[in-house]
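Here is the structure we will look at, set down as structure tokens.
2 protein chains.
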Amino acid sequence: MDKDVTSCFSQRARWAAGQPISELMAQALANPELISLAAGFVDSSTLPCDEVRRAVEKLMADPHQARAALQYGTTHGDRKLRELILAQWQAADGNLARTDLDLEQVILTAGSNQLLHLLADTLLDPGDIVLTARPTYLVFLGIVRNVGARAIGVPTDEDGPIPEGVEQTLKELEQSGWLPRVKALYLVPYFNNPCGATVPQQRRVALLDVLARWSRHHLIYLIADNAYRELRYEGPDIASMSCFDQEGDRVIETGTFSKSFSPGVRVGWGILPSALVRPVLDQKGNVDFGSPHFAQKLMAQVLQDGGYQRHVKMLQATYQEKLHAMLQAAEQHLGKLPNIKWRHPRGGLYLWVELPEQVDTGPGGRLLQEALLEGVLYVPGQYCFPADQRPEGTNTMRLSFGVQSIDGIQSGMAKLARAISRTLAACSTPSRGQEPSRLASARLAPQ
Amino acid sequence: MDKDVTSCFSQRARWAAGQPISELMAQALANPELISLAAGFVDSSTLPCDEVRRAVEKLMADPHQARAALQYGTTHGDRKLRELILAQWQAADGNLARTDLDLEQVILTAGSNQLLHLLADTLLDPGDIVLTARPTYLVFLGIVRNVGARAIGVPTDEDGPIPEGVEQTLKELEQSGWLPRVKALYLVPYFNNPCGATVPQQRRVALLDVLARWSRHHLIYLIADNAYRELRYEGPDIASMSCFDQEGDRVIETGTFSKSFSPGVRVGWGILPSALVRPVLDQKGNVDFGSPHFAQKLMAQVLQDGGYQRHVKMLQATYQEKLHAMLQAAEQHLGKLPNIKWRHPRGGLYLWVELPEQVDTGPGGRLLQEALLEGVLYVPGQYCFPADQRPEGTNTMRLSFGVQSIDGIQSGMAKLARAISRTLAACSTPSRGQEPSRLASARLAPQ
Numbered sequence: 011m012d013k014d015v016t017s018c019f020s021q022r023a024r025w026a027a028g029q030p031i032s033e034l035m036a037q038a039l040a041n042p043e044l045i046s047l048a049a050g051f052v053d054s055s056t057l058p059c060d061e062v063r064r065a066v067e068k069l070m071a072d073p074h075q076a077r078a079a080l081q082y083g084t085t086h087g088d089r090k091l092r093e094l095i096l097a098q099w100q101a102a103d104g105n106l107a108r109t110d111l112d113l114e115q116v117i118l119t120a121g122s123n124q125l126l127h128l129l130a131d132t133l134l135d136p137g138d139i140v141l142t143a144r145p146t147y148l149v150f151l152g153i154v155r156n157v158g159a160r161a162i163g164v165p166t167d168e169d170g171p172i173p174e175g176v177e178q179t180l181k182e183l184e185q186s187g188w189l190p191r192v193k194a195l196y197l198v199p200y201f202n203n204p205c206g207a208t209v210p211q212q213r214r215v216a217l218l219d220v221l222a223r224w225s226r227h228h229l230i231y232l233i234a235d236n237a238y239r240e241l242r243y244e245g246p247d248i249a250s251m252s253c254f255d256q257e258g259d260r261v262i263e264t265g266t267f268s269k270s271f272s273p274g275v276r277v278g279w280g281i282l283p284s285a286l287v288r289p290v291l292d293q294k295g296n297v298d299f300g301s302p303h304f305a306q307k308l309m310a311q312v313l314q315d316g317g318y319q320r321h322v323k324m325l326q327a328t329y330q331e332k333l334h335a336m337l338q339a340a341e342q343h344l345g346k347l348p349n350i351k352w353r354h355p356r357g358g359l360y361l362w363v364e365l366p367e368q369v370d371t372g373p374g375g376r377l378l379q380e381a382l383l384e385g386v387l388y389v390p391g392q393y394c395f396p397a398d399q400r401p402e403g404t405n406t407m408r409l410s411f412g413v414q415s416i417d418g419i420q421s422g423m424a425k426l427a428r429a430i431s432r433t434l435a436a437c438s439t440p441s442r443g444q445e446p447s448r449l450a451s452a453r454l455a456p457q
Numbered sequence: 011m012d013k014d015v016t017s018c019f020s021q022r023a024r025w026a027a028g029q030p031i032s033e034l035m036a037q038a039l040a041n042p043e044l045i046s047l048a049a050g051f052v053d054s055s056t057l058p059c060d061e062v063r064r065a066v067e068k069l070m071a072d073p074h075q076a077r078a079a080l081q082y083g084t085t086h087g088d089r090k091l092r093e094l095i096l097a098q099w100q101a102a103d104g105n106l107a108r109t110d111l112d113l114e115q116v117i118l119t120a121g122s123n124q125l126l127h128l129l130a131d132t133l134l135d136p137g138d139i140v141l142t143a144r145p146t147y148l149v150f151l152g153i154v155r156n157v158g159a160r161a162i163g164v165p166t167d168e169d170g171p172i173p174e175g176v177e178q179t180l181k182e183l184e185q186s187g188w189l190p191r192v193k194a195l196y197l198v199p200y201f202n203n204p205c206g207a208t209v210p211q212q213r214r215v216a217l218l219d220v221l222a223r224w225s226r227h228h229l230i231y232l233i234a235d236n237a238y239r240e241l242r243y244e245g246p247d248i249a250s251m252s253c254f255d256q257e258g259d260r261v262i263e264t265g266t267f268s269k270s271f272s273p274g275v276r277v278g279w280g281i282l283p284s285a286l287v288r289p290v291l292d293q294k295g296n297v298d299f300g301s302p303h304f305a306q307k308l309m310a311q312v313l314q315d316g317g318y319q320r321h322v323k324m325l326q327a328t329y330q331e332k333l334h335a336m337l338q339a340a341e342q343h344l345g346k347l348p349n350i351k352w353r354h355p356r357g358g359l360y361l362w363v364e365l366p367e368q369v370d371t372g373p374g375g376r377l378l379q380e381a382l383l384e385g386v387l388y389v390p391g392q393y394c395f396p397a398d399q400r401p402e403g404t405n406t407m408r409l410s411f412g413v414q415s416i417d418g419i420q421s422g423m424a425k426l427a428r429a430i431s432r433t434l435a436a437c438s439t440p441s442r443g444q445e446p447s448r449l450a451s452a453r454l455a456p457q
């Protein structure tokens, strides 16, 4: 017998191996003193303990409701919660809202992450293509890789993917014979992960127009991941992508209560074009037979009681302060270093930072080592670029102001600035090589 | 553009289409008056409302615990719950328990169903083979189909798969060149779905011995689905498959709290050979980034407080009565009909019934129509046989005593007997053809 046990693993298992996010999490776990500006988690102190306690009390006080919550639900998801989600989505879209959406188009999943994977399984064969911004949500890149498909980055500016750039990419793919394999454009329209940018209304229309014109072989879907829509701290809301979907058959909206309420309850949702509902539910039926009914009933209760809306308001105020603290700390600590750029997001959880080109922010570079020595962690920006274009973004990083307190943000940014400063100094002197023993001891006994 | 929207769906989406269980559920939903002896659900009146209410109260009373429960967990799953599961599993196995199991080998999933799918994705490429009993758990057959693999049924008797039959099947697969594609044997060792049989200890050893001898190209795993272990109403427990796994690298144990506590909370678990932990977690990381932490913390609380153990005792007493009610009703109503056989299970939720060979219990047969006219639903037995061997079991059915009250069981069995009786009468007279209009109206206005 072949003693290499991996010889019986599937191709998919090989595609899944070695996720960068696991490495980062392992680093954070191995060193609890570390100030993580990496994790895209929400602030634990904002978690809705009272709202959840009250909602469960209410739910369990009604024996009929209580039993229903503890029984299997449907693969589609709890009807009441789907109604509430649809109504809320339409209300947020105001007078541009699609009124032709049917409740059957709304489905519930275990976070929106699960829905993204179900969509990948439903749409993508190995070798198929999804277009993404450059940079984009790194976990989505893992999902695409997991099913053996390819993410191809399109030209992107501060407002997201550039419509003319998408068009140019599609033209090139047509010339090389790959156009029939393009199944979707993946987009985070609101306060995207990792840059914090929101796609303006006019560009939403233009992107859909490009996809419609290039859907020559079949529909090219637009997957709109709205994880951060509720986390807006400045300016007015913008209507969702589906409002601009002429035929109503192209835009897939995904959302989640993980960022705006609680990741531990873990309820996500989608509003799908009708043709996609059955195949996505067929996948879901095989994958887990429906998401936890109890969590769905709990979220329905929280939405009905207005506890959700109150919580989002509180979150907006809290995160606005934290965003400003991070921007201020960036000004104070990074502003004095040469050639460091960052953007001012109006919502979300992230700050995207560009360093001088000679600085390698990646896992093999000096900066990450210096940062770990200081006791601060960031996400190397290169993880957020599709593999086809790597190495790209090797001088960038994603910072999050989600988890840390304001003190933690300030102290983390000061540590980061010191690490950058030392790295810049080393870049301008001859290489001295790495110092693994110093790094190893630093991880065990951080400063 | 091709107007057939399915042209852009994946091969996997095509594999997933048309699940028999969705058809059955649609039939049940369309007719709420129907007495369903089909669904493998638990009895709603037994659901642990008080236990859950108390556990959530306790959990939320401690702010530190409460916040942890509402935050992201790890992909691995809550450590405390994994400890409790491992301790309980080892306690159940008594002096045969494996003491060399490591906590890292225990992982948490959204029901054990999700774990079965993760295992399929980790082990099976399209065209790969899993051996199963004949009949076996129909949802597992859907999972295998979903990843494009093949389930091949092995000779099976009242004690489960016959070791010599497994050996013979492997020999034939070797002769036809397919042996390298055999990745696992799937087994429900306790009170299996759909027959209710438990694999005796000696056969457990023999099955593992066969797999060890035929693992020539690579390890052939044994997936032991223990969904019903706790639902024992008679006789002493038997040690789990892993106790007889000589090298400790072959047996994958899966379990769930869906049958023994609450499907709505939806927490399942696995104890995996060490080599499988990383690849399965890599899949899970991509698929959903970890199961709901809140549900895991809740289950840990319930287990710690002894509420789980009390609940299982209550369930055992309740289901024992229901099993006896079904056996009595079978005796009373089916016993007077010719050539109908059923087995006496000592646990689980199911009764497997064999009718005379000329009776077609399938979706196109007369009996299902007659049963719907009477207002009773069963699972056609043929759904529980691997597709390669179909049509097989066309004269069998799976009944469940899980959902219905004792009255419901009695009345359902009487209805079923009338439907069988009419079908038998029709079998012995010349065919009169089907009566679709009568069926259609019956579905809308059941008796």
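Which chain is which? The protein sequence lines are L and P, in order.
Using the working numbering, read the first sequence as starting at 11 and increasing by one per residue.
Using the working numbering, read the second sequence as starting at 11 and increasing by one per residue.
A virtual CB, placed ideally from N, CA and C, is assigned to each residue, including glycine.
Values in this document were obtained by computation on a predicted structure and should not be read as measured data.
{"Item": "Contact between the stretch 293-311 of chain P and the stretch 270-279 of chain P (3+ Cβ pairs under 8 Å)", "Value": "yes"}
{"Item": "Segment contact flag, the stretch 356-373 of chain P with the stretch 426-435 of chain P, C-beta cutoff 8 Å, min 3 pairs", "Value": "yes"}
{"Item": "L/TRP279 - containing beta strand (DSSP E), residue span", "Value": "278-281"}
{"Item": "Inter-residue spacing [alpha-carbon to alpha-carbon] between P/ALA49 and P/LEU189", "Value": "36 Å"}
{"Item": "Limits of the unbroken beta strand (DSSP E) element including L/ARG408", "Value": "406-410"}
{"Item": "Partner residues on chain P for L/ALA285, Cβ-Cβ distance less than 8 Å", "Value": "VAL15 and THR16"}
{"Item": "Chain P contact for L/GLN81 (CB, 8 Å cutoff)", "Value": "yes"}
{"Item": "DSSP state of P/LEU241 mapped onto helix, strand, coil", "Value": "coil"}
{"Item": "Neighbour list for P/LEU153 in chain L, Cβ cutoff strictly below 9 Å", "Value": "Strictly speaking, residue 153 of chain P in this sequence is Ile, with Leu absent from that position. Correct list: ASN296 and VAL297."}
{"Item": "Contact set between the stretch 35-59 of chain L and chain P, restricted to residues whose Cβ is under 7 Å from the partner", "Value": "PHE51, SER54, LEU57, PRO58 and CYS59"}
{"Item": "Residue-chain proximity (L/HIS459, chain P), Cβ-Cβ < 8 Å", "Value": "Since the displayed chain L opens at 11 and closes at 457, residue 459 of chain L lies outside it and no answer follows."}
{"Item": "Integer-rounded CB distance, given that L/LYS323 should sit under 8 Å from L/VAL52", "Value": "About 15 Å separates the two Cβ atoms, so there is no contact after all."}
{"Item": "Supposed contact pair L/ASN123 and P/ASP298 - C-beta distance, whole angstroms, cut 8 Å", "Value": "6 Å"}
{"Item": "is_contact[L/THR328, chain P] using C-beta, thresh 8 Å", "Value": "no"}
{"Item": "Burial state of P/GLY295 (16 or more Cβ within 10 Å)", "Value": "buried"}
{"Item": "Distance, P/GLN379 Cα to P/ALA405 Cα", "Value": "Inspection of the sequence shows that residue 405 of chain P is occupied by Asn rather than by Ala. Approximately 14 Å between the Cα atoms of the pair."}
{"Item": "C-alpha gap between L/ASP247 and L/ALA102, whole angstroms", "Value": "8 Å"}
{"Item": "Pick from P/ILE233, P/SER17 and P/ARG376 that is closest to P/LEU134, judged by C-alpha positions", "Value": "P/ILE233"}
{"Item": "L/LEU80 vs P/PRO58 beta-carbon contact at 8 Å", "Value": "yes"}
{"Item": "Within-8 Å CB hit, L/HIS86 to chain P", "Value": "no"}
{"Item": "P/ARG408 burial status per 10 Å Cβ neighbour count (16 or more: buried)", "Value": "buried"}
{"Item": "Residue-level contact to chain P via CB, L/LYS90, 8 Å cutoff", "Value": "no"}
{"Item": "Partners in chain L for P/ASP135, counting only beta-carbon separations shorter than 7 Å", "Value": "SER20 and GLN21"}
{"Item": "Against chain L: residues of the stretch 308-324 of chain P by CB proximity under 7 Å", "Value": "none"}
{"Item": "Integer Cβ distance of L/ARG214 from L/PHE254, believed to fall under 8 Å", "Value": "5 Å"}
{"Item": "Completely contained beta strand (DSSP E) runs for the stretch 289-322 of chain L, where each covers 3 or more residues", "Value": "none"}
{"Item": "CB contact below 8 Å: P/ALA429 versus chain L", "Value": "no"}
{"Item": "Neighbourhood of L/THR166 by C-beta distance below 6 Å, restricted to the same chain and skipping five residues each side", "Value": "ALA143 and ARG144"}
{"Item": "Under 9 Å by beta carbon: chain P residues contacting L/THR132", "Value": "PHE19, SER20, ARG22, ALA23 and ALA26"}
{"Item": "Neighbourhood of P/THR328 by C-beta, 8 Å cutoff - its chain only, sequence neighbours within 5 removed", "Value": "ASP53 and THR56"}
{"Item": "Any chain L beta carbon closer than 8 Å to P/ASP112", "Value": "no"}
{"Item": "Completely contained beta strand (DSSP E) runs for the stretch 362-436 of chain L, where each covers 3 or more residues", "Value": "406-410"}
{"Item": "Against chain L: residues of the stretch 95-129 of chain P by CB proximity under 7 Å", "Value": "ALA120, GLY121, ASN123, GLN124 and HIS127"}
{"Item": "Own chain, CB closer than 6 Å to P/VAL148, minus 5 neighbours either side, in chain order", "Value": "Sequence check: residue 148 of chain P is Leu here, not Val. Same-chain partners within the cutoff: TYR393 and CYS394."}
{"Item": "Three-state secondary structure (DSSP) of P/LEU148", "Value": "helix"}
{"Item": "Within chain L, partners of P/GLN29 - CB distance below 9 Å", "Value": "ASP292, GLY295 and ASN296"}
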